[in-house]
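In what follows, a single structure is set out as structure tokens and then discussed.
Numbering (our numbering), first residue to last: 30 to 295.
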């Protein structure tokens, strides 16, 4: 008989969890969920004021939280930055990559995009996730930690784009986005296979569309394509992160968890 209740297996007491992009739309709610589950949560972002405010809010609620200014795109300095970070806050048992780096011309129509922009966005986002995940896994391995690394992919890293949802709006989905998110899904499988023998789990969460102030036409277009009839929320994603971070998912690695209201089921 197990000495740990099933509910306790979703707890993260005495664990250290880092959230890269912890001030973003999905990262913020992820940080809240991990802190509420008992983890000492370190919020990483470039938005210093927001990060300090969030960590203070969590501490005021009785949780353990800190903030650190951290740039995932500085690949040449990333390993040194990680050592400095973990020397101060401790080695991670949980690491979540939720950052969303991109260029100012990211969302230009396909016909107006440039090769330079495509290359830059792949470097900022896909390469940063890959190198950061690799470096974090090596830190976990060297510290003898059986940790969990969670990367954010997307439905459009798994299936093709449905451009009809953008009809009647000024919105679109850049080609770089699908390229990046598809790469994230596959690099997770590589790292899961490579570090499995060290007890390090690596998984991806692929959200569907998240409602975040889009115009009503887009929300209607999108929601009618979803079996559950609505767009997602940050809370929907945070629950999935908590599951993959916790001992409840200890036999899951290399997985792609679709959190999309059934979008990819049809």
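We put the CB at the ideal spot given by N, CA and C, even for glycine.
All figures in this text were calculated on a predicted structure; none of them were measured in a lab.
Cut-off 6 angstroms between Cβ atoms - residues of its own chain near residue i, not counting five sequence neighbours on either side
| i | result |
| --- | --- |
| residue 289 | 184 and 237 |
| residue 159 | 216 |
| residue 227 | 170 |
| residue 60 | 48, 51, 70 and 72 |
| residue 292 | 184, 237 and 255 |
| residue 286 | 234 and 269 |
DSSP three-state assignment for residue i, whether helix, strand or coil
| i | result |
| --- | --- |
| residue 135 | coil |
| residue 98 | strand |
| residue 234 | strand |
| residue 295 | coil |
| residue 41 | coil |
| residue 80 | helix |
| residue 194 | helix |
| residue 35 | coil |
| residue 203 | coil |
| residue 61 | helix |
| residue 372 | With the chain covering only 30 through 295, there is no way to say anything about residue 372. |
Close beta carbons around residue i, own chain, < 8 angstroms, minus the five adjacent residues each side
| i | result |
| --- | --- |
| residue 192 | 201 and 202 |
| residue 132 | 146, 149, 150 and 153 |
Inter-residue CB distance, residue i and residue j (contact presumed, cutoff 8 angstroms)
| i | j | result |
| --- | --- | --- |
| residue 99 | residue 116 | Not a contact, Cβ separation roughly 13 angstroms. |
| residue 277 | residue 39 | 5 angstroms |
| residue 58 | residue 266 | 7 angstroms |
| residue 245 | residue 214 | The Cβ separation is near 31 angstroms, so there is no contact. |
| residue 263 | residue 54 | 6 angstroms |
| residue 162 | residue 178 | 5 angstroms |
| residue 229 | residue 176 | 5 angstroms |
Neighbourhood of residue i by C-beta, 7 angstroms cutoff - its chain only, sequence neighbours within 5 removed
| i | result |
| --- | --- |
| residue 114 | 97 and 99 |
Residue(s) in a DSSP beta bridge with residue i
| i | result |
| --- | --- |
| residue 180 | 126 and 233 |
| residue 266 | Answer is none; residue 266 lacks a bridge partner. |
| residue 285 | 233 |
| residue 46 | 70 and 123 |
| residue 261 | 239 |
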